[in-house]
Structures are given as structure tokens and as C-alpha cells.
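**Student:**
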Amino acid sequence: MSPESRIYVAGHAGLVGSAFVRELERQGYRNILTRTRAELDLTDRHAVGRFFDDAAPEYVFLAAAKVGGIVANNTYPAEFIRDNLAIQTNVIHASHLAGVKRLMFLGSSCIYPKLAPQPMREESLLTGPLEPTNRPYALAKIAGIEMCWSYNRQYGTRYLAAMPTNLYGPGDNYHPQNSHVIPALLRKFHEAKLQGAPTVTVWGTGTPRREFLYSDDMADACVFLMNLPEERYDALLGSDESVTGRFEPPLINIGVGHDVTIRELAEQVAHTTGFKGELVFDTSKPDGTPRKLMDVSRLDSAGWRARTSLQDGLASAYADFVASYVS
């Protein structure tokens, strides 16, 4: 990508998309295309087609999605699969029609089987049952990977699917029921501190292990990948299985390569927020997948590693939360 390239960030107002915009601006890109949901409904095929005809983007970061935590996924499964399928289908197809040079489709580590060998390699895709609490969302994202693969095979496009581990950072969703674990804990511990509560209750046993990546690191990794030289980028696009006989989707994991228990995370959040009380674990609530650690050897081989520690990332995320909470 050159500084003048027309780069469309779909979903620029969310956690992932806003990180892309910050990173692209930091690196000096001057032609970043964005549209709010009010300006462009990505579930509307005709509206998406008109936008691509008018804006003619050269590169696309497809970060737009309907996302949420366990509660949201369990409560709105139909919306999670319907909206995500519509968004990615419309954007990927319009990108093909518009001749987009490279597209990066953003997914999630939940695409891998619930009991996938740890750490999870890209080859684990489609090798076992998914975690049922977020299966509709995961299936939509798997369909997006297959769309990238299929368009690459049939039309010669150069679309890459990037699967970040659990993300957190500025611009996160801090809704008490519909947010992911870190923003939910930041809010819970902050409010407990303000109220002088003696305890904070955390869902589950605290034993599941999770990997967390600061959102700005994720954006840095994805821009790095999008800018790889032709031969190195093409090597990430997998192969046509009907020709090679190998299962090699255009897929790459984005993560830090190490994890912590939910208990350790909760203790770190308590320290970050200044909560002095005790932790209580509600074992009647679901734990979800026992462990979700990404194998990032493919990303390491490409030449990128995360820079932000969990301690520093949580401090930054908490400052963002306090600013948004007060406002």
C-alpha cells in the first residue's frame, strides 16, 4: 500500500476498525475510506455495491461484524449468524467486482474446535465441534474464510483471513451484559471500587485459560501483513486443495503466543482498577472453552511479534474506559 492508496476500513467505529484507522494514520496513509452505519448499511447488498462503485477502494480491511460475549451470543444467535453472513458476503463480493487488490477478512479464535489441540494451529480449522455458546458467530466467520478461499480459487483474488485472539483496547464495548471478558471486568471492578463493595463476582471457576492481544498491536500486525511483498503475501494465501490435495486455507493467526487463567486476569484487572476487595467465582455460570491459545508460529515466521504487555494494555484500556464512563 502506498500513502495515497484508497483503503477502506469496514467497521471503523468498532474496537478492531478504530485500531486500524489509528494505525494507518500513524503510518502516514492519507486516503482512508470510512462510512458510519447510518451512512452505509453493510447488510444491504445494493448499498454496498454503490459504495464500491463510487469509492473504488484498492485495499479493504473487513472488520465490520456483529460481536459480543457469551450472554449476547446465547441471547441473539439468529442475529449473530444472519448479520455476519450478510456483511461479509456483500463486502467480499463487492470487493471482487471492484477489483480490490488485497482484502483482509477479520475473524476470531472461536472458529477453532472447542477441544482443539493447544496451541491452536491454522490446520485445526474444521477438525471438530465448535463451542456451542458462540457457534452461530463462529460458523459465519468460517464461511467468510471459505469465501476468501473460494474467490481466490475461482477469480484469482488475493484475500487473506486473519484470526485475532481475544482483543481489548480503546473503543471497546463496556456494556454490562453484551461485552467481552476484559471490558466487562474493567467495568465491574471499577463500579465495585466506586461503591466500596467488599467483593466482586466473576463468572465460572476462574480456571479457563485465555490469550489477550492489545487492539493496536493487532492492527499493526494486520497492516504489516497487508504490506508484505508479493511472494511472501501469496505464500499465506494457501493452495487449491483440489490441485494440491492439502488443506491450506488463506488463514493466519494473530496473537501473543501465551495465555493466563481467568483468575489471573481478574486479579490483574483488580490491581489495574485499584479494587481492594475479594474475588468470588460463581461456578454455576459457564466457563466456555477450557483453553484458547493461538499458535502464532506462522506470524512469527512472517516477521511480526506483539509489543504490548498485558499490564500496559490493561492500563491503557482502563484509562479509555474511565474517560468513556465519565462522559
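All residue numbers for the sequence shown refer to our numbering, where the first residue is 124 and numbers rise by one. All C-beta atoms in this analysis are idealised placements derived from N, C-alpha and C, irrespective of residue type, glycine included. What you are looking at is a predicted structure, and each value in this text was computed from that prediction instead of being measured.
(1) Where in the stretch 188 to 233 do unbroken runs of the alpha helix (DSSP H), each at least 4 residues long, occur, reported from the N-terminal end onward?
(2) Considering just the uninterrupted stretch of the alpha helix (DSSP H) at residue 425, what are its terminal residues?
(3) Exposed or buried, which one is residue 370 when buried takes at least 16 other CB atoms within 10 Å?
(4) Tell me the residue span of the alpha helix (DSSP H) that contains residue 260.
(5) To the nearest angstrom, how far is the alpha carbon of residue 228 from that of residue 185?
(6) Which word fits residue 295, buried or exposed, when buried means at least 16 other C-beta atoms lie within 10 angstroms of its C-beta?
(7) Would you kindly report the start and end of the unbroken beta strand (DSSP E) that includes residue 392?
(8) Which value, in whole angstroms, describes the spacing of the CA atoms of residue 434 and residue 288?
(9) Runs of 4 residues minimum, wholly inside the stretch 322 to 362: which ones carry the alpha helix (DSSP H) assignment?
(10) Which stretch, first to last residue, makes up the alpha helix (DSSP H) that contains residue 405?
(11) If you follow the beta strand (DSSP E) that residue 287 is in, where does it begin and where does it stop?
(12) Can residue 432 be considered in contact with the ligand COA, in the sense that its beta carbon sits closer than 8 Å to one or more heavy atoms?
(13) In the DSSP assignment, find the alpha helix (DSSP H) that holds residue 147 and state where it starts and stops.
(14) Starting from residue 174, follow the alpha helix (DSSP H) in both directions and report where the run begins and ends.
(15) Can you tell me the Cα-Cα spacing of residue 208 and residue 280, whole angstroms?
(16) Could you give the DSSP three-state label for residue 183: helix, strand or coil?
(17) Under the three-state reduction of DSSP, which class applies to residue 133: helix, strand or coil?
(18) CB residue 333 to CB residue 388, shorter than 9 Å?
(19) Quick one, which of 254, 239, 253 has its alpha-carbon nearest residue 247's?
(20) How about residue 375: is its C-beta nearer than 9 Å to some C-beta of chain C?
**Tutor:** Quick look at the numbers:
(1) DSSP runs (the alpha helix (DSSP H)) wholly in the stretch 188 to 233: 193 to 198, 200 to 221.
(2) Taken as a continuous stretch (DSSP letters only), the alpha helix (DSSP H) holding residue 425 covers 420 to 425.
(3) With fewer than 16 other beta carbons inside 10 angstroms of its own, residue 370 counts as exposed.
(4) Judged by DSSP secondary structure, residue 260 falls within the alpha helix (DSSP H) whose first and last residues are 258 to 278.
(5) Rounded to the nearest angstrom, the two C-alpha atoms are 5 Å apart.
(6) So residue 295 ends up on the buried side.
(7) Taken as a continuous stretch (DSSP letters only), residue 392 belongs to no beta strand (DSSP E), being part of the alpha helix (DSSP H) at 385 to 396.
(8) CA-CA distance, residue 434 to residue 288, rounds to 17 Å.
(9) Qualifying alpha helix (DSSP H) stretches, in chain order: 338 to 349, 353 to 357.
(10) Residue 405 -> not in any alpha helix (DSSP H); beta strand (DSSP E) instead, spanning 401 to 405.
(11) Per DSSP, residue 287 belongs to the beta strand (DSSP E) from 282 to 287.
(12) In terms of ligand content, the structure shown is empty, and the ligand COA therefore cannot be addressed.
(13) Taken as a continuous stretch (DSSP letters only), the alpha helix (DSSP H) holding residue 147 covers 138 to 149.
(14) Taken as a continuous stretch (DSSP letters only), the alpha helix (DSSP H) holding residue 174 covers 168 to 178.
(15) Near 19 Å, if we compare the C-alpha coordinates of residue 280 and residue 208.
(16) Residue state for residue 183 is assigned as strand, using DSSP reduced to three classes.
(17) The three-state secondary structure of residue 133, taken from DSSP, is strand.
(18) Contact flag set, yes.
(19) Checked all of 254, 239, 253; the closest Cα to residue 247 is 239.
(20) Looking for chain C here will not work: only one protein chain is present.
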